[in-house]
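Notes follow once the structure below has been shown.
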Amino acid sequence: MEFKYILILIVIVYLPVLITGQYTIRGVSESYAVLGENYRLECDITDSPGIVDFRRNKIALGTILSQSCLGGINDRYTYGCINNNNKQLYLNISNINKQDDTTWSCRGNSGGQGSTTILVYYPPDITSITSDAVNYTADDGSDVIFNCNVDSKPVSTITWSSSTSTDTNTGQQWTLPQAKCQDTGIYTCTANNGIGQSTTKSLSLDIRCSPRINGDLKDEVINRLGEKVTLIIDVIAYPKPSFKWIQESTGQELTPDTTQQVATNNYISSLTFTIQQSSFGNYTVTVNNGKGCDKSYTIKIIDGDPGTKPVSVEQSGYQKGLSTGIGIGIGIGIYLVCVFLVLLTIFIYRKDHPANRKLPEENYATFSNRNPEGRTYEDLNTHISGDAKDMKI
Numbered sequence: 022m023e024f025k026y027i028l029i030l031i032v033i034v035y036l037p038v039l040i041t042g043q044y045t046i047r048g049v050s051e052s053y054a055v056l057g058e059n060y061r062l063e064c065d066i067t068d069s070p071g072i073v074d075f076r077r078n079k080i081a082l083g084t085i086l087s088q089s090c091l092g093g094i095n096d097r098y099t100y101g102c103i104n105n106n107n108k109q110l111y112l113n114i115s116n117i118n119k120q121d122d123t124t125w126s127c128r129g130n131s132g133g134q135g136s137t138t139i140l141v142y143y144p145p146d147i148t149s150i151t152s153d154a155v156n157y158t159a160d161d162g163s164d165v166i167f168n169c170n171v172d173s174k175p176v177s178t179i180t181w182s183s184s185t186s187t188d189t190n191t192g193q194q195w196t197l198p199q200a201k202c203q204d205t206g207i208y209t210c211t212a213n214n215g216i217g218q219s220t221t222k223s224l225s226l227d228i229r230c231s232p233r234i235n236g237d238l239k240d241e242v243i244n245r246l247g248e249k250v251t252l253i254i255d256v257i258a259y260p261k262p263s264f265k266w267i268q269e270s271t272g273q274e275l276t277p278d279t280t281q282q283v284a285t286n287n288y289i290s291s292l293t294f295t296i297q298q299s300s301f302g303n304y305t306v307t308v309n310n311g312k313g314c315d316k317s318y319t320i321k322i323i324d325g326d327p328g329t330k331p332v333s334v335e336q337s338g339y340q341k342g343l344s345t346g347i348g349i350g351i352g353i354g355i356y357l358v359c360v361f362l363v364l365l366t367i368f369i370y371r372k373d374h375p376a377n378r379k380l381p382e383e384n385y386a387t388f389s390n391r392n393p394e395g396r397t398y399e400d401l402n403t404h405i406s407g408d409a410k411d412m413k414i
């Protein structure tokens with residue numbers, strides 16, 4: 022009798038285990054789902070439960086009457102039997118979102134269940150880009166720290182770039198060391214995780230600095246009276262500087278023609294005028310932007326023709342014509358002298374050329390024709406020698 026009760030107890034306790042089948046839940050072939058796309062779960066069962074639920078975090082989203090393969094639709098979820106096979110069930114998820122990134126299961130009323138995890142991947146979203154520069158402005162020589170916060174799955178690679186350099190840096194946080202005035206510009210964070218398109222966000226940065234010469238200063242200018250001259254100073258500075266031009270010899274302050282910003286933190290001031298006798302000498306330009314001390318630079322105008330005296334416009338025209346006439350006359354004179362020297366050289370050459378001289382033999386033959394008396398060779402030679410003395414060469 023006692024054994025009978027024990028057997029009944031065993032059956033009551035273990036009967037659910039004996040009739041519970043195996044449940045296998047699986048997803049699509051990819052190991053992840055992409056945000057906004059569709060996804061499919063499938064569940065294979067071995068027992069014959071009356072009801073099977075697809076659950077997200079233990080919350081039923083689709084209930085299937087497996088005996089009749091009766092499924093349905095619940096918001097973004099569609100469920101039922103595959104080819105009317107009550108042993109193979111499915112759940113289609115449309116427009117999958119971040120809340121679907123969790124554990125999913127299929128569970129029968131017989132107690133059997135299987136589970137899986139859906140990983141929902143999505144492209145990067147830059148939630149913020151910041152720097153420790155107050156109001157996006159930092160001092161020359163200071164370090165500036167940038168931060169780029171990104172929400173993505175999987176984790177994104179973050180790259181930093183700037184409008185002032187071709188260099189790039191990686192990492193959520195990046196430091197610009199010892200910032201210079203030339204580092205003023207736009208700084209951009211780019212995030213990419215291979216899902217969808219990369220995304221970017223930017224911020225501006227201004228570096229305060231005292232004025233300094235951009236490139237080389239042309240501190241000497243050579244010009245002549247009556248010519249126009251332009252004095253130029255090109256500086257790097259932030260904030261915008263002021264320019265004060267003074268002629269040292271007179272102490273007079275001069276008004277610049279233009280003061281313009283030609284690039285980020287790059288300013289040019291120019292002074293243009295026609296040179297008079299009193300214009301030669303030093304000009305000092307003082308630059309100030311409230312950052313540090315005033316900076317002063319000197320440009321000197323040098324007389325390109327120091328021997329020239331000031332003349333009127335009419336005199337200048339007359340002298341120009343006179344100079345032209347004198348130049349032509351000098352040219353003609355030089356030409357005539359050259360012709361005379363050439364002719365003189367030809368005359369001397371022809372006079373002294375050996376072809377124009379008479380040789381001793383020729384003189385001897387000529388003399389023999391005039392010597393019928395038949396003088397001896399010695400007498401002739403003596404006579405020829407005497408004649409040679411009288412010969413003009």
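Mind the numbering: the sequence shown is residues 22 to 414 in my numbering, read in order.
Glycine included, C-beta positions come from ideal geometry on N, C-alpha and C.
Just so we're clear, the structure is a prediction, and the values are computed from it rather than from any experiment.
Extract the residue ranges of the beta strand (DSSP E) inside the segment 101-177, only unbroken runs of 3 or more that lie entirely within it. DSSP runs (the beta strand (DSSP E)) wholly in the segment 101-177: 106-114, 124-129, 134-138, 141-152, 158-160 and 165-174.
Given this structure, state the Cα-to-Cα distance separating T67 from Y44, to the nearest angstrom. If you number the sequence shown from 1, residue 67 lands on position 46. If you number the sequence shown from 1, residue 44 lands on position 23. Rounded to whole angstroms, T67 to Y44 spans 7 Å at the Cα level.
In its own chain, which residues sit with a C-beta less than 6 Å from the C-beta of I150, not counting the 5 before and 5 after it? Reading the sequence shown from its first residue, position 129 is the one you call residue 150. Within the same chain, I150 has close Cβ partners C169, C210, K222 and L224.
Based on Cα-Cα distance, which residue from T279, T99, T178 and L238 lies nearest to T220? The residue labelled residue 220 in the question sits at position 199 within the sequence shown. Of the listed residues, the one whose Cα sits closest to T220 is T178.
Examine the Cβ distances between the segment 130-142 and the segment 66-86 and report whether three or more of them are shorter than 8 Å. yes
Flag this pair as yes or no: are the beta carbons of N303 and T285 separated by less than 8 Å? Along the sequence shown, one-based indexing puts residue 303 at 282. Along the sequence shown, one-based indexing puts residue 285 at 264. Not closer than 8 Å, so no.
In three-state terms, what does DSSP make of Y356? Mapped onto the sequence shown, residue 356 falls at position 335. Three-state DSSP puts Y356 in a helix.
If you check the beta carbons only, do N59 and Q88 fall under 8 Å apart? Start at 1 with the first residue of the sequence shown, and residue 59 comes out as number 38. Start at 1 with the first residue of the sequence shown, and residue 88 comes out as number 67. Not a contact, by the Cβ cut-off of 8 Å.
Is the beta carbon of S417 less than 8 Å from the beta carbon of I267? The question about residue 417 has no answer here: the residues shown for the chain are numbered 22 through 414.
From V308, R233, L275 and T137, residue whose alpha carbon lies closest to that of N78: Start at 1 with the first residue of the sequence shown, and residue 78 comes out as number 57. Of the candidates V308, R233, L275 and T137, the one whose C-alpha sits nearest the C-alpha of N78 is T137.
Taking 8 Å as the cut-off, does the segment 114-129 touch the segment 141-149 (at least 3 CB pairs, one atom from each stretch)? yes
Out of A258, D240, E269 and F301, which has the shortest C-alpha to C-alpha gap to G247? Your numbering for residue 247 matches position 226 in the sequence shown. G247 has its Cα closest to that of F301, out of A258, D240, E269 and F301.
Residue from L226, C202 and N244 whose Cα sits closest to the Cα of R233: Translated into the one-based positions of the sequence shown, residue 233 becomes position 212. The shortest Cα separation from R233 among L226, C202 and N244 belongs to C202.
Buried or exposed for R245, please, with buried defined as at least 16 other CB atoms from any protein chain shown within 10 angstroms of its CB. On the sequence shown, residue 245 is found 224 positions in, with the first residue counted as 1. R245 should be labelled exposed.
Could you tell me how far apart the beta carbons of T196 and I166 are, in whole angstroms, since I believe they sit closer than 8 Å? Looking up residue 196 in the sequence shown gives position 175. Looking up residue 166 in the sequence shown gives position 145. About 5 Å separates the two Cβ atoms, so the contact holds.
Counting C-beta neighbours from all protein chains within 10 Å, is the total for L357 16 or more, i.e. buried, or is it exposed? Taking the sequence shown and counting its residues from 1, the one referred to as residue 357 is at position 336. Counting Cβ neighbours within 10 Å, L357 comes out exposed, since fewer than 16 surround it.
DSSP three-state assignment for T397, whether helix, strand or coil: On the sequence shown, residue 397 is found 376 positions in, with the first residue counted as 1. Note that T397 has pLDDT 48, beneath the 50 cutoff, so the model's placement of it is unreliable and no number is given.
Using three-state DSSP, classify Q297 as helix, strand or coil. Start at 1 with the first residue of the sequence shown, and residue 297 comes out as number 276. Residue state, collapsed to three classes: coil.
Along the beta strand (DSSP E) that carries N235, what are the first and last residues, could you check? Along the sequence shown, one-based indexing puts residue 235 at 214. Under the DSSP assignment, N235 falls outside any beta strand (DSSP E); it carries neither an H nor an E label.
Looking at C-alpha atoms only, which residue of Y53, P262, G236 and C102 is the closest neighbour of G313? For the purposes of this step, residue 313 is taken as the residue at position 292 of the sequence shown. It is P262 whose Cα lies nearest to the Cα of G313.
Do you know how far the Cα of V176 is from the Cα of Y100? Translated into the one-based positions of the sequence shown, residue 100 becomes position 79. Translated into the one-based positions of the sequence shown, residue 176 becomes position 155. For Y100 and V176, the distance between alpha carbons rounds to 32 Å.
Helix, strand or coil for I216 per DSSP? To locate residue 216, count along the sequence shown from 1; it is residue 195. Note: I216 maps to coil in three-state DSSP.
Using the Cβ count rule (16 or more neighbours within 10 Å means buried), how would you classify V332? Taking the sequence shown and counting its residues from 1, one reaches residue 332 at position 311. Annotation note: pLDDT 44 at V332 (below 50); position unreliable, no value reported.
Exposure label - I243; buried when at least 16 CB within 10 Å: Here residue 243 refers to the residue found at position 222 of the sequence shown. Counting Cβ neighbours within 10 Å, I243 comes out exposed, since fewer than 16 surround it.
Between which two residues does the beta strand (DSSP E) holding N309 run? Taking the sequence shown and counting its residues from 1, the one referred to as residue 309 is at position 288. Unbroken beta strand (DSSP E) run through N309: G302 to N309.
If you count every other CB in all the chains shown that lies within 10 Å of the CB of C359, and 16 or more means buried, which is it? Working through the sequence shown from its first residue, we reach residue 359 at position 338. When all chains shown are included, C359 counts as exposed.
Residue range of the beta strand (DSSP E) that includes G83: In the sequence shown, residue 83 corresponds to position 62, counting from 1. Per DSSP, G83 belongs to the beta strand (DSSP E) from I80 to L86.
What residues in its chain sit with their C-beta under 6 Å from that of Y74, if we drop five residues either side in the sequence? If you number the sequence shown from 1, residue 74 lands on position 53. In the sequence on display, residue 74 carries Asp and not Tyr. For D74, same chain residues with a beta-carbon under 6 Å away, outside a window of 5 residues either side, are A81, T84 and R128 in chain order.
Rounded to whole angstroms, what is the Cα-Cα separation between D324 and D278? Numbered from its first residue, the sequence shown carries residue 324 at position 303. Numbered from its first residue, the sequence shown carries residue 278 at position 257. Going from the Cα of D324 to the Cα of D278 covers about 23 Å.
Identify, in the order they occur along the chain, each residue of the same chain with its Cβ nearer than 7 Å to the Cβ of V32, setting aside the five sequence neighbours on each side. As a first step, residue 32 must be located in the sequence shown, where it is residue number 11. Model confidence at V32 stands at a pLDDT of 37, short of 50, so the residue's coordinates are unreliable and nothing is read from them.
Assuming K249 and T295 are in contact, meaning their beta carbons sit under 8 Å apart, how far apart are those beta carbons, in whole angstroms? One-based indexing of the sequence shown puts residue 249 at position 228. One-based indexing of the sequence shown puts residue 295 at position 274. K249 to T295, Cβ: 5 Å. Contact.
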